[in-house]
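Participant: First residue of the sequence shown: 1, per my numbering; consecutive thereafter. Where is the CB? At the ideal position from N, CA and C, for every residue including glycine. Because the structure is a prediction, the values reported are computed rather than measured.
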Amino acid sequence: MANRTSSTAQSVHGTDPQLLIETTFRQRIYDSVYWKDQCFGLTITGVMEKSTSISSVGGCFGASRKPTDFLCLLLKLLQLQPTLPMLHELINQKDFKYLRALAILYFRLTQASVDIYQTLEPLYEDFSKLRMRGDGGEFEIVRMDEFVDTLLREKQACFVTLPVLTRRMALEDTGQLAPRISPLDEDSDSE
């Protein structure tokens with residue numbers, strides 16, 4: 001099962017889940033040493049174990065656009081397609097922040113807009129530090145809430161083009177989501 005999606009996987013947004021990562025980057029992942037040595041034959045449990053040992057999030061870096069271990073594990077998750085309860089468990093655990101970040105990005109790529117807002121918005125209250133690997137290979141510190149905000153607002157994260165997300169206001173207008181109450185609003189009301 002080196003570069004094939006699991007036979008039991010369902011299509012995501014009408015396509016093979018691996019195709020959510022663009023062809024150029026997907027091919028770079030397949031050609032990377034980490035993919036060949038560490039990701040071959042991994043199960044979901046193996047991906048979870050490997051993600052506890054990575055030390056940064058990011059997409060591709062350097063002049064040759066080498067994929068990060070994080071991006072390789074994301075593609076492996078797209079191949080394996082964990083169940084929704086398992087995914088919620090990975091997102092809600094707080095012990096392994098890079099595993100959590102990986103699950104959050106996977107969730108953003110594969111789920112419907114309403115579910116994304118309901119699951120990811122509570123993570124605005126998580127301020128744990130993440131090392132983000134930049135294009136040039138340098139590292140910067142971002143907080144988990146910034147990472148989540150990027151996933152909810154931007155069109156691309158970690159060199160992955162994110163599927164279009166229905167605007168929150170449109171979902172509120174149709175009654176699919178309740179208006180979001182910011183913790184900052186609650187603080188100002190209590191004063």
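Could you give the distance in angstroms between the alpha-carbon of C72 and the alpha-carbon of Q156?
Facilitator: About 17 Å.
Participant: Within 10 Å of its beta-carbon, does P82 have 16 or more other beta-carbons around it, so buried, or fewer, so exposed?
Facilitator: So P82 ends up on the buried side.
Participant: For Q156, which residues does DSSP report across the bridge?
Facilitator: Q156 pairs with T161.
Participant: By DSSP, does A101 sit in helix, in strand, or in coil?
Facilitator: A101: helix per DSSP, three-state reduction.
Participant: From G175 to D37, what distance separates their C-alpha atoms?
Facilitator: Cα to Cα, G175 sits roughly 48 Å from D37.
Participant: What are the complete alpha helix (DSSP H) segments, minimum 4 residues, inside the segment 107–140?
Facilitator: You should have 113–120.
Participant: Could you check how far apart the C-beta atoms of I29 and L75 are, in whole angstroms? I think they sit under 8 Å.
Facilitator: About 5 Å separates the two Cβ atoms, so the contact holds.
Participant: At 4 residues or longer, what runs of the alpha helix (DSSP H) sit wholly inside the segment 39–64?
Facilitator: Correct list: 44–51.
Participant: Rank G59, D126 and S53 by C-alpha distance to the C-alpha of D135 and give the top, closest one.
Facilitator: It is G59 whose Cα lies nearest to the Cα of D135.
Participant: Under three-state DSSP, which class holds I91?
Facilitator: I91 falls in the helix class under three-state DSSP.
Participant: In this structure, what does DSSP give as the bridge partners for V142?
Facilitator: DSSP output for V142 lists L130 as bridge partner(s).
Participant: State buried or exposed for D69, treating a residue as buried only when at least 16 other CB atoms are found within 10 Å of its CB.
Facilitator: D69 should be labelled buried.
Participant: Could you give the C-beta distance for T150 and E22, rounded to a whole number, given that I count them as a contact under 8 Å?
Facilitator: Incorrect: roughly 18 Å between the Cβ atoms, too far for contact.
Participant: For P82, name the three-state secondary structure that DSSP assigns.
Facilitator: P82: coil per DSSP, three-state reduction.
Participant: Looking only at its chain, what residues have a beta carbon closer than 7 Å to the beta carbon of I91, apart from the 5 residues adjacent to it on each side?
Facilitator: If we look at I91 and ignore the five residues flanking it on each side, its Cβ neighbours are R100, A103, I104, F107 and T119.
Participant: Three-state secondary structure (DSSP) at P17?
Facilitator: Note: P17 maps to helix in three-state DSSP.
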